[in-house]
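Chains as they are written, first to last, in the working numbering: chain A, 1467 to 1734; chain B, 38 to 360.
Reading through the structure tokens given below for one structure.
Take a look at the structure:
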């Protein structure tokens, strides 16, 4: 009878465990075509509808509507992608995968960090797809290439921050269905923002919310970086103004949700 | 020697539900301990506490000498957990699943590859090793889950209802796999609702109900106290019932139960198939027309009744965290 080898019991460090768990997340995505295909088609359809159905009726200050829309669209796409992350976390919890990981001699932070890392890496894919569709329907860069790259990096930072919000939602919800339900809160967050229409076109009470929520600042940062002076003139401030504020929001989101998610995870 | 598991006065409650109510238990090294009990008895809560997934509210719990509250990291290094659900990643192959867990146990890439291959071999999964786990049957997934709990070469294997929901053939295959591990020297704590499973796998059985131990002993001891087989006879005519009962009573000096409404006589008998032959002879001699006759092991209810003098209460509703 074959026996199992008995290596010296020790534990995997934080990097090894985080990367191992992240790799599993990437494989799951790559090997589940419906996750890739459905998400891609959905976001392309959505963009086409805004660009061609609603676009004609929306005045976007000094910008072409397509140039106004695509930065908003790409940024809100981070949140729609995050809904899937919440469901994924809840599914792992429900199916016992989280129990298995929690019973292993690994740092507890590795499980969530691995997940956040994998999901953020997946955002590169969804950012590439939405940007490609954006360019195909007429979106153009009017700033420098360096600024565009900065915008891309910024989007990953936002995505990483929001990821922790969705991990927390998934852990609290417990089942994928409940997680999907809770994740519907992204709708007010995305629509009541500067993503699709200028905030100034909303009623006053709604403007108060739209102007002071993180997504608007993030969208405006991407707009200013990709559209250059025209966007800065329309928005009223330079790109730096929005970049700093959007990074502050990201830090605030992380400061709230990393401890929340970690505490919820430890409690089991 | 340090006991593998030592629980003293262990308590855990979820809101108003008391899951563990002063549970005391000792598992010695080299033992396969089965925790047997109905749904809601606290079995899963106990395993999750041993696995450091839950903190007990009160009492002491040491695993291989390590306190679960103060040294959870040390406990996690000696245990492997396989749960009621097959906690494997369906989008990875069997080999990838085991490799991931081996790496998380701190093995380097080479050691992890070797131990994954060895566990696959041990569980008879080598042929399916490079297929995605989502293509596995339920029984294969359970085996892979068992493998994942094994690949870190734990000193203590925790199996929470390992065969619940499996078809009879997969169940026996999994039993064989577990027996193989036991022969190779792994200590096992398993929970089950099935007396035959505990009997088949365990060297020591603890029966729990309402979060406390109600009986403990080797399978032979418990069976000697309770585990008698049961013969059930349905007679064609109600008039034959009492003659049948008298015939069966003479067999083994047990008093048969008679259910008039269903034409049923039930009697406890000794192990083996001989009592069935004797029963048929006795019924024949008494001139009873038999509709059907069966021999079966005692149900958990009957064991409970015999050991505790109390009938089993209805299982708690599904979804109870203490289930």
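C-beta atoms are modelled at their ideal positions from N, C-alpha and C, and glycine is treated no differently.
- Residue 1730 of chain A has a beta carbon lying at 8 Å or more from every beta carbon in chain B.
- Residue 1490 of chain A belongs to the set of residues whose beta carbon lies under 8 Å from a beta carbon in chain B.
- Look at the segment 115-126 of chain B: the residues with a C-beta under 9 Å from a C-beta of chain A are 115, 116, 117, 118, 119, 120, 121, 122, 123, 124, 125, 126.
- Beyond the five residues adjoining it in sequence on each side, residue 1627 of chain A comes within less than 6 Å, by CB distance, of 1716, 1719, 1720 in the same chain, given in chain order.
- When rounded, the separation of the alpha-carbon atoms in residue 119 of chain B and residue 1675 of chain A is 48 Å.
- Within chain B, the residues 140 have their CB atoms less than 7 Å from the CB of residue 1482 of chain A, given in chain order.
- For the segment 1551-1585 of chain A, the set of positions with a beta-carbon nearer than 7 Å to some beta-carbon of chain B reads 1561, 1562, 1563, 1565, 1566, 1568, 1569, 1570, 1571, 1572 in chain order.
- One Cα belongs to residue 260 of chain B, the other to residue 130 of chain B, and the distance between them is close to 42 Å.
- Distance from residue 1629 of chain A to residue 1551 of chain A at the Cβ level is roughly 6 Å; contact confirmed, criterion being Cβ atoms closer than 8 Å.
- Residue 1537 of chain A sits close to residue 1685 of chain A, with the two beta carbons spaced by under 8 Å.
- A contact is defined here as three or more CB-CB pairs under 8 Å, and the segment 129-145 of chain B meets this definition with respect to the segment 170-190 of chain B.
- Contact of residue 1587 of chain A with chain B by beta-carbon distance below 7 Å is absent, the smallest such distance being about 16 Å.
- Going by beta carbons, residue 297 of chain B and residue 273 of chain B fall outside the 8 Å limit.
- Note on residue 1695 of chain A: under 16 other CB atoms within 10 angstroms of its CB, so exposed under the neighbour-count rule.
- At a cut-off of 8 Å between C-beta atoms, residue 1478 of chain A counts as an interface residue with respect to chain B.
- Neighbours of residue 1498 of chain A in chain B, taken as residues whose beta carbon is under 7 Å from its own, are 128 in chain order.
- Proximity to residue 221 of chain B across B/236, B/338, B/194 peaks at B/194, based on C-alpha coordinates.
- Between residue 1609 of chain A and residue 1691 of chain A, the beta carbon gap of about 6 Å places them in contact (Cβ cut-off 8 Å).
- Under the 10 Å beta carbon count, residue 142 of chain B is surrounded by 16 or more other beta carbons and is classified as buried.
- For residue 96 of chain B, the enclosing beta strand (DSSP E) covers residues 95-100.
- In terms of Cβ geometry, residue 295 of chain B and residue 282 of chain B form a close pair [threshold 8 Å].
- Collapsing the DSSP output to three states places residue 220 of chain B in a helix.
- Per DSSP, residue 116 of chain B lies in no alpha helix (DSSP H); the unbroken beta strand (DSSP E) holding it starts and ends at 116-119.
- For residue 1486 of chain A, at least one C-beta of chain B is nearer than 8 Å to its own C-beta.
- DSSP places residue 271 of chain B in the strand class (E or B) of the three-state scheme.
- With a contact defined as Cβ atoms closer than 8 Å, residue 96 of chain B and residue 52 of chain B miss out at about 19 Å.
- Across the set A/1643, A/1587, A/1649, A/1730, the C-alpha of A/1587 shows the shortest separation from the C-alpha of residue 1485 of chain A.
- Interface flag for residue 89 of chain B against chain A is set, since a Cβ pair is found closer than 8 Å.
- In the assembly as shown, residue 1522 of chain A is an exposed residue. Its beta-carbon has fewer than 16 other beta-carbons within 10 Å.
- Residue 1728 of chain A and residue 258 of chain B have their C-alpha atoms roughly 47 Å apart.
- For residue 113 of chain B, the residues of chain A that pass the 7 Å Cβ criterion are 1569, 1570, 1571, in the order they occur in the chain.
- Scanning chain B for C-beta atoms nearer than 7 Å to the C-beta of residue 1493 of chain A yields 128, 129, reported in chain order.
- Within chain A, the C-beta atoms nearer than 8 Å to that of residue 169 of chain B come from 1497, in chain order.
- In this structure, the beta-carbon distance from residue 302 of chain B to residue 293 of chain B falls below 8 Å.
- For residue 70 of chain B, the closest Cβ of chain A is not nearer than 8 Å.
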